[in-house]
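Every position in the sequence shown, counted from 1, becomes a number in our numbering once 1 is added.
We put the beta carbon where it would ideally sit given N, CA and C, even for glycine.
What follows is a short report on a single structure.
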Amino acid sequence: MVFVFLLSTFIGLGVIRRVSRLLHTPLMSLTNAISAIAVVGAILVAGPDVPPTILLLGGIALFASVTNIVSGFLITDRMLKMFKRDERGAPGIDKRKTL
């Protein structure tokens, strides 16, 4: 099991390093979709009649996946704000809006 995890990690890193810069945004969107699938899986694993260890692992997976999804949306929003124009017409972050 550990061998499969390590192998998939190194293969994933190799594949991502070879992706051109123009394709990174769609790749990140796909990563968010995979995290959403992981959330559903974690909720199913954390269902009734499971041992406490599996319940704990499901909760950790749920927390990690939700954190990844929310962070992806926040980063995407921040990237989109970089393309908005300010009052002078110059590109940059819209300073009228704050979080």
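(message) Am I right that isoleucine 70 and alanine 43 are in contact with their C-beta atoms under 8 Å? What's the rounded C-beta distance?
(response) Contact doesn't hold; Cβ gap of about 12 Å is too wide.
(request) Work out the CA separation of arginine 22 and isoleucine 35 for me, nearest whole Å. (result) 20 Å
(message) Suppose you measure from the CA of isoleucine 55 to the CA of leucine 14; what does that come to, to the nearest Å?
(response) 28 Å
(request) Reducing DSSP to helix, strand and coil, say where glycine 59 ends up. (result) helix
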